[in-house]
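As structure tokens, the structure follows; a few thoughts come after it.
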Amino acid sequence: MVDALGVAVVGFGWMGRVHTQAYARVLHHYPQLTVRPELVTVAEEVPGRAEEAAARYGFASTTRDWREVAADPRVRAVSVTAPNFLHREIGVAMAEAGKHLWIEKPVGLTADDARAVADAVAKAGVHSAVGFNYRNAPAVEAARDLIASGEIGAVTHVRIRLFSDYAAHPDGALTWRYERERGGSGVLGDLASHGADLARFLLGDITSLTADTAIFVPQRARPTGATAGHTLATGGDLGPVENEDYVNCLLRFTSGARGVLEACRVSVGEQNNYGFEVHGTKGAVLWDFRRMNELGVSRGTTYQDQPVSTVYVGPGAGEFGAFQPGAANAMGYDDLKVIEAYRFLRSIAEGTPHGATLADAVHSAAVLDAMARSAETGAWADVQPGG
Ligand SMILES: NC(=O)c1ccc[n+]([C@@H]2O[C@H](COP(=O)([O-])OP(=O)(O)OC[C@H]3O[C@@H](n4cnc5c(N)ncnc54)[C@H](O)[C@@H]3O)[C@@H](O)[C@H]2O)c1
30 MVDALGVAVV GFGWMGRVHT QAYARVLHHY PQLTVRPELV TVAEEVPGRA
80 EEAAARYGFA STTRDWREVA ADPRVRAVSV TAPNFLHREI GVAMAEAGKH
130 LWIEKPVGLT ADDARAVADA VAKAGVHSAV GFNYRNAPAV EAARDLIASG
180 EIGAVTHVRI RLFSDYAAHP DGALTWRYER ERGGSGVLGD LASHGADLAR
230 FLLGDITSLT ADTAIFVPQR ARPTGATAGH TLATGGDLGP VENEDYVNCL
280 LRFTSGARGV LEACRVSVGE QNNYGFEVHG TKGAVLWDFR RMNELGVSRG
330 TTYQDQPVST VYVGPGAGEF GAFQPGAANA MGYDDLKVIE AYRFLRSIAE
380 GTPHGATLAD AVHSAAVLDA MARSAETGAW ADVQPGG
């Protein structure tokens, strides 16, 4: 028996579209799901954008005011895909209204914001999912399994990188992303949040870190109209970039492993260069998002001059089998969001969490808070998910 589940999307920029498409596709890939998402309503403050989304994707209604979504009895689950500064207010309100919550990372501006949403979700007894999509990549799940199996020995160190050029253009508009009050900590929330989640997903908790941050493009032109994504703006008044373009960080894990996490949004020549290299006492495992379905694996007993093989993951690795029949048939970014939607809906259907939840968001946000503290003081900072 399939139960219809009314869903809403709040904020229809890039992520709003990707969540909507994931709801539309999820049953194609997961016919066993016992809940069927129905696109009830979309909330968007830019005039015309919600109506356009409804016409294209089939939402039954539209609104400019997300509070109407909280009050709408047809809606049982909500995607919060609005800018970071709205995550706390909207996330808490939706949970208090009894709506299951799929919310984008970094879940607010600080760990305190993420904890507030996590507390509201726990109190309301609703289910949650968080947009840490990279951990959904089948190759990343295979890497995690490989590490846990002990095949690469005890993990000694990891390098995690997230390099992008999305803010590299000097004419990139001064959108909400570059303001501390609306975007938070810049590249920390945008990219390092994913890196912190990947680090913990693969290797367990991070205990302490030391970080250095920088702003490399200090001023940008204010946009003259509504924006979405990474709009260019020329000729407008210049305003200050208030948050970080770059972070570099040394990590210590509970396990004793060490790590380096580096993230930059103004890296000319880098397009989504996201990945990791995990080294153990007997081997290594390497992943690059741009070749999402491949792993570099070094294993054996030779230690020195031990080769690295390319492994194309296939059915059996994570959720690969829900998308492709055999290894080396490519999956893409949007598929990771379909997996996220599946795990969210499965959590609701089964009453047990699957996939990244708000507890994971609190851990990631606590790492970001520690990075900000360390960058300010120049000292090592403890990661404090409990506050
Ligand atoms: N998981 C990922 O890989 C990933 C990638 C990009 C963005 N994100 C996250 O998703 C969120 C949105 O990012 P985006 O790139 O889609 O941004 P975006 O700027 O493209 O879209 C945000 C949308 O929210 C709308 N909005 C703003 N205030 C609103 C309000 N009060 N009510 C309703 N709508 C409102 C804007 O008009 C815009 O259409 C951010 O938190 C970001 O960190 C996650």
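If you're matching positions, the sequence shown starts at 30 in the working numbering and goes up one per residue. Beta carbons are placed, not taken as given, at the ideal position from N, Cα and C, and that holds for glycine.
Checklist line | Secondary structure of Ser296, DSSP reduced to three states | finding: Locating residue 296 in the sequence shown gives position 267, where the first residue counts as 1. Secondary structure at Ser296: coil, using DSSP grouped into helix, strand and coil.
Item checked: Selection from Phe373, Ala401 and Ala385 that minimises the alpha carbon distance to Leu34 -> Within the sequence shown, the letter at position 5 stands for residue 34. It is Phe373.
Notebook entry, point to check: For the alpha helix (DSSP H) that contains Gly224, what are its first and last residues?
Noted result: The residue labelled residue 224 in the question sits at position 195 within the sequence shown. It spans Ser222 to Leu232 - the alpha helix (DSSP H) in which Gly224 sits, taken as one unbroken run.
Note to self: I'd like the span of the beta strand (DSSP E) that includes Ser193, first residue to last.
What the structure shows: Residue 193 sits at position 164 when you count from the first residue of the sequence shown. Counted as a single uninterrupted DSSP element, the stretch harbouring Ser193 is not any beta strand (DSSP E), since DSSP gives it neither H nor E.
Next item on the list: Pull up the distance between the alpha-carbon of Val75 and that of Arg251, whole angstroms please.
Entry: For this step, residue 75 is matched to residue 46 along the sequence shown. For this step, residue 251 is matched to residue 222 along the sequence shown. Cα to Cα, the separation comes out at about 17 Å.
Item checked: Per-residue DSSP class, three states only, for Gly218 -> Against the sequence shown, residue 218 aligns to sequence position 189. Reduced to three states, the DSSP call for Gly218 is helix.
Next item on the list: Would you tell me roughly how many angstroms separate the C-alpha atoms of Asp142 and Val340, rounded to the nearest one?
Entry: Here residue 142 is taken as the residue at index 113 of the sequence shown, counted from 1. Here residue 340 is taken as the residue at index 311 of the sequence shown, counted from 1. Going from the Cα of Asp142 to the Cα of Val340 covers about 40 Å.
Next item on the list: Measure the Cβ-Cβ separation of Gly288 and Arg402 and say whether it is below 8 Å.
Entry: Sequence index remark: in the sequence shown, residue 288 carries index 259 (1-based). Sequence index remark: in the sequence shown, residue 402 carries index 373 (1-based). The answer is no: Cβ separation not under 8 Å.
Notebook entry, point to check: Opposite Ser90 in the DSSP bridges: which residues?
Noted result: Start at 1 with the first residue of the sequence shown, and residue 90 comes out as number 61. For Ser90, which the question treats as bridged, DSSP gives the partners Thr70.
Checklist line | Buried versus exposed call for Glu369 [16 or more other C-beta atoms within 10 Å across all chains shown] | finding: Position 340 of the sequence shown, counted from the start, is the residue given in the question as residue 369. By the 10 Å Cβ count, Glu369 comes out buried.
Note to self: With a threshold of 7 Å (Cβ to nearest heavy atom), would Glu133 be considered close to ligand 1?
What the structure shows: Against the sequence shown, residue 133 aligns to sequence position 104. In this structure, Glu133 has its beta carbon less than 7 Å from a heavy atom of ligand 1.
Next item on the list: Assign His392 to buried or exposed, taking buried as 16 or more other Cβ atoms, counted over all protein chains shown, within 10 Å of its Cβ.
Entry: The residue labelled residue 392 in the question sits at position 363 within the sequence shown. His392 is buried by the Cβ-count criterion.
Next item on the list: Determine the burial state of Ser214: buried for a count of at least 16 other Cβ atoms within 10 Å of its Cβ, exposed for fewer.
Entry: As a working note, residue 214 is residue 185 in the sequence shown. Label assigned to Ser214: buried.
Notebook entry, point to check: Measuring CA to CA, which of Asp32, Glu97, Leu227 and Ser90 is closest to Leu68?
Noted result: Within the sequence shown, residue 68 is the residue found at index 39, counting from 1. Minimum Cα-Cα distance from Leu68 among the listed residues Asp32, Glu97, Leu227 and Ser90 corresponds to Ser90.
Next item on the list: Assign Trp131 to buried or exposed, taking buried as 16 or more other Cβ atoms, counted over all protein chains shown, within 10 Å of its Cβ.
Entry: Taking the first residue of the sequence shown as position 1, residue 131 is located at position 102. By the 10 Å Cβ count, Trp131 comes out buried.
Item checked: Validate contact between the stretch 305 to 320 and the stretch 174 to 181 using beta carbons, cut 8 Å, 3 pairs -> The stretch 305 to 320 makes contact with the stretch 174 to 181: 3 or more CB pairs, one atom from each, lie closer than 8 Å.
Margin query: Threshold first: 4 residues or longer. Then list the alpha helix (DSSP H) segments lying entirely within the stretch 130 to 192, N to C.
Written below: The alpha helix (DSSP H) runs lying completely inside the stretch 130 to 192 and spanning 4 residues or more are 140 to 153 and 167 to 178, given in chain order.
Check: Of the choices Gly309, Ser296, Gln335 and Glu170, whose alpha-carbon is the least far from that of Pro199?
Finding: What you label residue 199 is simply residue 170 of the sequence shown in a count that begins at 1. Among Gly309, Ser296, Gln335 and Glu170, the Cα nearest to that of Pro199 belongs to Ser296.
Check: If you count every other CB in all the chains shown that lies within 10 Å of the CB of Asp364, and 16 or more means buried, which is it?
Finding: Residue mapping note: residue 364 aligns to position 335 of the sequence shown, counting from 1. Burial call: buried.
Check: Any contact of the stretch 373 to 384 with the stretch 192 to 206, i.e. 3+ C-beta pairs under 8 Å?
Finding: Look at the beta carbons and you see the stretch 373 to 384 not touching the stretch 192 to 206: under three pairs across the two are nearer than 8 Å.
Next item on the list: Measure the beta-carbon distance from Gly13 to Val146 and round it to whole angstroms, keeping in mind my assumption that it falls under 8 Å.
Entry: Coverage of the chain is limited to positions 30 through 416, which leaves residue 13 absent and any answer about it impossible.
Note to self: Assuming contact is defined by CB atoms lying nearer than 8 Å, are Val342 and Ala177 in contact in what I supplied?
What the structure shows: On the sequence shown, position 313 is the one that residue 342 refers to. On the sequence shown, position 148 is the one that residue 177 refers to. For Val342 and Ala177, no; Cβs fall outside 8 Å.
Checklist line | Rounded straight-line distance, which links the Cα of Pro414 to that of Thr139 | finding: In the sequence shown, counting from the first residue as 1, residue 139 sits at position 110. In the sequence shown, counting from the first residue as 1, residue 414 sits at position 385. The alpha-carbon atoms of Thr139 and Pro414 are separated by roughly 11 Å.
Next item on the list: Check whether the Cβ of Ala225 lies closer than 7 Å to any heavy atom of ligand 1, and answer yes or no.
Entry: Numbered from its first residue, the sequence shown carries residue 225 at position 196. Relative to the non-hydrogen atoms of ligand 1, the Cβ of Ala225 never comes closer than 7 Å to any of them.
Notebook entry, point to check: Got a sec: does ligand 1 put a non-hydrogen atom nearer than 7 Å to the Cβ of Leu397?
Noted result: Translated into the one-based positions of the sequence shown, residue 397 becomes position 368. No, Cβ of Leu397 sits at least 7 Å from all heavy atoms of ligand 1.
Checklist line | As assigned by DSSP and simplified to three states, the class of Arg12 | finding: The structure shown does not extend to residue 12, since the chain is modelled only from 30 to 416, so the question has no answer here.
Check: At what residues does the beta strand (DSSP E) containing Trp316 begin and finish?
Finding: By one-based count along the sequence shown, residue 316 stands at place 287. Ala313 to Asp317 is the extent of the beta strand (DSSP E) around Trp316.
Check: Say the cut is 7 Å; is the CB of Val289 nearer than that to a heavy atom of ligand 1?
Finding: Locating residue 289 in the sequence shown gives position 260, where the first residue counts as 1. Incorrect: Val289 has no Cβ contact closer than 7 Å to ligand 1.
Next item on the list: Along the beta strand (DSSP E) that carries His308, what are the first and last residues, could you check?
Entry: The sequence position of residue 308 within the sequence shown is 279, counting from 1. DSSP places His308 inside the beta strand (DSSP E), whose first and last residues are Asn302 to Gly309.
Next item on the list: Could you pull out every residue in the same chain whose Cβ sits closer than 7 Å to the Cβ of Val47, ignoring the five residues on either side in sequence?
Entry: What you label residue 47 is simply residue 18 of the sequence shown in a count that begins at 1. Within its own chain, the residues whose Cβ lies closer than 7 Å to the Cβ of Val47, once the five positions on either side in sequence are excluded, are Asp363 and Lys366, listed in chain order.
Next item on the list: Rounded to whole angstroms, what's the CA-CA distance from Arg93 to Glu73? Just pull it up for me.
Entry: In the sequence shown, residue 93 corresponds to position 64, counting from 1. In the sequence shown, residue 73 corresponds to position 44, counting from 1. Straight through space, the alpha carbons of Glu73 and Arg93 are spaced by roughly 5 Å.
Margin query: Our contact map puts Val155 next to Gly127 with C-beta atoms below 8 Å; I'd like the distance itself, whole angstroms only.
Written below: As a working note, residue 155 is residue 126 in the sequence shown. As a working note, residue 127 is residue 98 in the sequence shown. Approximately 6 Å separates the beta-carbon atoms of Val155 and Gly127; this is inside 8 Å, confirming the contact.
Check: Using the C-alpha atoms, what's the distance from Ala51 back to Glu273?
Finding: Stepping through the sequence shown from its first residue, residue 273 is reached at position 244. Stepping through the sequence shown from its first residue, residue 51 is reached at position 22. Put simply, the backbone Cα of Glu273 is about 31 Å away from that of Ala51.
Note to self: Taking the beta carbon of Asn469 as the centre, do at least 16 other beta carbons fall within 10 Å, making it buried, or is it exposed?
What the structure shows: Residue 469 cannot be examined here, being either before or after the span of the chain that is shown, 30 to 416.
Note to self: Quick check on this structure: which residue in Gly309, Arg211 and Ala286 has the alpha carbon closest to the alpha carbon of Thr330?
What the structure shows: Counted from its first residue, the sequence shown places residue 330 at position 301. That would be Gly309, whose Cα lies nearest to the Cα of Thr330.
Notebook entry, point to check: By DSSP, does Glu81 sit in helix, in strand, or in coil?
Noted result: Here residue 81 is taken as the residue at index 52 of the sequence shown, counted from 1. The answer is helix: DSSP assigns Glu81 an H, G or I state.
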